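Residue numbers (numbering that gives the first Met the number 0): 0 to 119. For every residue, glycine included, the Cβ atom is placed at its ideal position computed from N, Cα and C. Predicted model only: the values in this text are computed from it and were never measured.
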Amino acid sequence: MTTAKTRALLMTAFLCPGAGQVSIGKRRGWIFIAATVILLIWLMKNIALIVFQEMSPDVIQNLSPIQYAVAFVRIRHRVYFENIPLILSIVAVWFVSIFDLILWKEPEPEKPAQNKVETK
0 MTTAKTRALL MTAFLCPGAG QVSIGKRRGW IFIAATVILL IWLMKNIALI
50 VFQEMSPDVI QNLSPIQYAV AFVRIRHRVY FENIPLILSI VAVWFVSIFD
100 LILWKEPEPE KPAQNKVETK
């Protein structure tokens, strides 16, 4: 494995799915980045919606420490269990992006042409 492929693999694994592909010049990386961004925006929208549903103005006015803890547990439970498909989709995009890089074959460097003069 060369340094370019290693660097691309590390960027994809730890930075963002598709970042490594973009760094080595593969256009497919932008598809992985776009899919990840769309899924993350969708996840954040769902989380915000759950928080606003659970923390209605009625709940906030009469919030004791015990009610706060109960609301926190309910929000956390709903965030995890209602968004399992989105979380798994993000993980799937990440794994596909990593495996795309693992299976990528680097182009072999061109060998200089050798001009052989035949003598008789």
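Cut-off 6 Å between Cβ atoms - residues of its own chain near residue i, not counting five sequence neighbours on either side
i: residue 20; result: 27 and 28
Which of helix, strand or coil DSSP assigns to residue i
i: residue 104; result: coil
i: residue 24; result: coil
i: residue 14; result: coil
i: residue 1; result: coil
Cut-off 7 Å between Cβ atoms - residues of its own chain near residue i, not counting five sequence neighbours on either side
i: residue 74; result: 49, 50 and 53
i: residue 41; result: 85
Burial state of residue i, where buried means 16 or more other Cβ atoms lie within 10 Å
i: residue 10; result: buried
i: residue 34; result: buried
Selected residue, minimal CA-CA separation from residue i, among the options
i: residue 2; options: 12, 87, 23 and 16; result: 23
i: residue 45; options: 31, 81, 63 and 30; result: 81
i: residue 36; options: 58, 47, 25 and 15; result: 15
i: residue 8; options: 98, 63 and 57; result: 98
i: residue 94; options: 4, 5, 6 and 12; result: 12
i: residue 6; options: 100, 62, 72 and 42; result: 100
i: residue 47; options: 30, 69 and 77; result: 77
Same chain, Cβ closer than 8 Å to residue i, neighbours up to 5 away in sequence not counted
i: residue 38; result: 85, 88, 89 and 92
i: residue 32; result: 15, 16, 17, 18 and 21
i: residue 66; result: 58
Segments assigned alpha helix (DSSP H), at least 4 residues, entirely inside the region 32-107: Unbroken alpha helix (DSSP H) stretches of 4 residues or longer found wholly inside the region 32-107: 56-60, 64-81 and 83-101, given in chain order.
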